[in-house]
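Written out below as structure tokens is the structure these notes cover.
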Amino acid sequence: MWNRKIIRKKTNSTDPSGILPYRFILCGILILYNSIMMNNAFLLTFLSVSGVSLLSLLGAVTLFFNKPFLKKVLIFMVSISAGAMFGDVFIHLLPEISKKSEFNLSVSSAFIFGILISFIIERLVLWNNCHDHECTEKDKRAFTYMILYGDSVHNFIDGIVIASSYLISPAVGLASTLAVILHEIPHEIGDFAVLIHGGFTHRKALIANFISALTALLGALFA
Numbered sequence: 017m018w019n020r021k022i023i024r025k026k027t028n029s030t031d032p033s034g035i036l037p038y039r040f041i042l043c044g045i046l047i048l049y050n051s052i053m054m055n056n057a058f059l060l061t062f063l064s065v066s067g068v069s070l071l072s073l074l075g076a077v078t079l080f081f082n083k084p085f086l087k088k089v090l091i092f093m094v095s096i097s098a099g100a101m102f103g104d105v106f107i108h109l110l111p112e113i114s115k116k117s118e119f120n121l122s123v124s125s126a127f128i129f130g131i132l133i134s135f136i137i138e139r140l141v142l143w144n145n146c147h148d149h150e151c152t153e154k155d156k157r158a159f160t161y162m163i164l165y166g167d168s169v170h171n172f173i174d175g176i177v178i179a180s181s182y183l184i185s186p187a188v189g190l191a192s193t194l195a196v197i198l199h200e201i202p203h204e205i206g207d208f209a210v211l212i213h214g215g216f217t218h219r220k221a222l223i224a225n226f227i228s229a230l231t232a233l234l235g236a237l238f239a
């Protein structure tokens, strides 16, 4: 625990390593509270989507693992990512489509078309990186780029969902944000593991994952 003298010294100093970060956190909480009270949908959406986007940096926790341990857990993290994606499609998205409309020819055609688009993008990535059948193991792992593409689209839709929810009411918006956060935590950690498994460095994986997460802001603006 800090004593009062230390807190006073750090408060009066210009050293940013003092309690200044805690002031920013407190200001953020106050802004969120005032936004809820004022029913400011735009500001609430921005704060929520920004918070969800920051979840993409959760992969940084792996920096504290040693390499032997990371290799052991990497396959499990990749499995979590694969399970999250399959669960997204077959447990969440497709049943939701069935509720909103009939699972007719147009829906099934769109589903197949999405698979074909993913396959074509994967082939194009391989074609651009592999020549004369001299592909390295890193080049063959084109699925990492597919993960980033899929994440970008997924986060874009999350931004639309959160923004649309706040247009209804702050309560609905906060509920939607919480649902997205609970879904994104294992998803983002798994995606980070896939990028590392595909040959990305930790720094490159963090940057790429964060950039793909920023499409949520575009989705919110679109809504």
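In the numbering used here, the protein residues as written are 17 to 239.
All residues carry an ideal CB built from backbone N, CA and C; glycine is no exception.
Exercise for the section: For the segment 212-232 and the segment 157-172, state whether three or more C-beta atom pairs, one from each stretch, are separated by less than 8 Å. Expected result: yes
Practice task
Pick out whichever of LEU237, GLY99 and VAL188 has its Cα sitting closest to the Cα of GLU200.
Solution key: Residue 200 sits at position 184 when you count from the first residue of the sequence shown. If we check each option's Cα against that of GLU200, GLY99 comes out closest.
Practice task
Verify whether the separation of the beta carbon atoms of ILE223 and MET93 is less than 8 Å.
Solution key: For the purposes of this step, residue 223 is taken as the residue at position 207 of the sequence shown. For the purposes of this step, residue 93 is taken as the residue at position 77 of the sequence shown. Not closer than 8 Å, so no.
Problem - Where ALA191 falls, given that 16 or more other Cβ within 10 Å makes a residue buried - result: The residue given as residue 191 occupies position 175 in the sequence shown. Result: exposed.
Practice task
Over the uninterrupted alpha helix (DSSP H) stretch that includes THR78, give me the two end residues.
Solution key: If you number the sequence shown from 1, residue 78 lands on position 62. First-last for THR78: undefined, no H or E at that position.
Practice task
Alpha carbon to alpha carbon, how far is ILE212 from LEU79? Give it in angstroms, no decimals.
Solution key: In the sequence shown, residue 79 corresponds to position 63, counting from 1. In the sequence shown, residue 212 corresponds to position 196, counting from 1. Their backbone Cα atoms lie some 11 Å apart in a straight line.
Handout entry: Exposure of ALA209, with buried meaning 16 or more beta-carbon neighbours within 10 Å
Key = Looking up residue 209 in the sequence shown gives position 193. Buried: at least 16 other Cβ atoms inside 10 Å.
Problem - Burial state of ILE163, where buried means 16 or more other Cβ atoms lie within 10 Å - result: Working through the sequence shown from its first residue, we reach residue 163 at position 147. Answer is buried; the Cβ neighbour count reaches 16.
Exercise for the section: Measure the Cβ-Cβ separation of ILE176 and PHE238 and say whether it is below 8 Å. Expected result: Indexing the sequence shown from 1 puts residue 176 at position 160. Indexing the sequence shown from 1 puts residue 238 at position 222. Taking 8 Å as the Cβ cut-off, ILE176 and PHE238 qualify as a contacting pair.
Problem - For LEU198, the nearest candidate out of SER69, GLY235 and ALA57 (CA to CA) - result: The count along the sequence shown starts at 1 and reaches residue 198 at position 182. For LEU198, the nearest C-alpha among the options comes from SER69.
Exercise for the section: Could you have a look at SER117 and say whether DSSP puts it in helix, strand or coil? Expected result: What you label residue 117 is simply residue 101 of the sequence shown in a count that begins at 1. Coil, per DSSP.
Problem - Three-state secondary structure assigned by DSSP to SER228 - result: Your numbering for residue 228 matches position 212 in the sequence shown. Three-state result, SER228: helix.
Problem - Proximity winner among VAL89, ILE133 and ALA221, relative to HIS74 (alpha-carbon distances) - result: The residue you call residue 74 lines up with position 58 of the sequence shown. Strictly speaking, residue 74 in this sequence is Leu, with His absent from that position. Looking at the Cα atoms, ALA221 is the closest of the given residues.
Handout entry: Other residues of its chain near PHE216: CB distance less than 8 Å, five sequence neighbours each side excluded
Key = As a first step, residue 216 is located in the sequence shown; it is residue number 200 there, counting from the start. THR160 and ALA224, listed in sequence order.
Handout entry: Alpha-carbon spacing of SER180 relative to PRO84, whole angstroms
Key = Locating residue 180 in the sequence shown gives position 164, where the first residue counts as 1. Locating residue 84 in the sequence shown gives position 68, where the first residue counts as 1. Each residue's alpha carbon lies about 44 Å from the other.
Practice task
Please state if the CB of ALA57 and the CB of LEU183 are separated by a distance shorter than 8 Å.
Solution key: Looking up residue 183 in the sequence shown gives position 167. Looking up residue 57 in the sequence shown gives position 41. Yes; because the gap between Cβ atoms is below 8 Å, this pair is in contact.
Problem - CA-to-CA distance, SER64 to ILE96, given in whole angstroms - result: By 1-based counting over the sequence shown, the position of residue 96 is 80. By 1-based counting over the sequence shown, the position of residue 64 is 48. Roughly 25 Å between the two C-alpha positions.
Practice task
Let me know if GLY189 comes out buried or exposed under the rule of 16 or more other beta-carbons within 10 Å of its beta-carbon.
Solution key: Position 173 of the sequence shown holds residue 189. Buried.
Handout entry: Option nearest SER125 by Cα separation, candidates LEU110, ILE173 and ILE178
Key = In the sequence shown, residue 125 corresponds to position 109, counting from 1. If we check each option's Cα against that of SER125, LEU110 comes out closest.
Handout entry: Nearest residue (CA-CA) to ILE131, options ASN120, VAL105 and LYS87
Key = Indexing the sequence shown from 1 puts residue 131 at position 115. Minimum Cα distance to ILE131 is reached at VAL105.
Problem - Residue nearest to LEU71 in terms of C-alpha spacing, selected from ASN82, LEU194, GLY103 and LYS115 - result: Translated into positions along the sequence shown, residue 71 becomes position 55. When only C-alpha atoms are compared, the closest one is LEU194.
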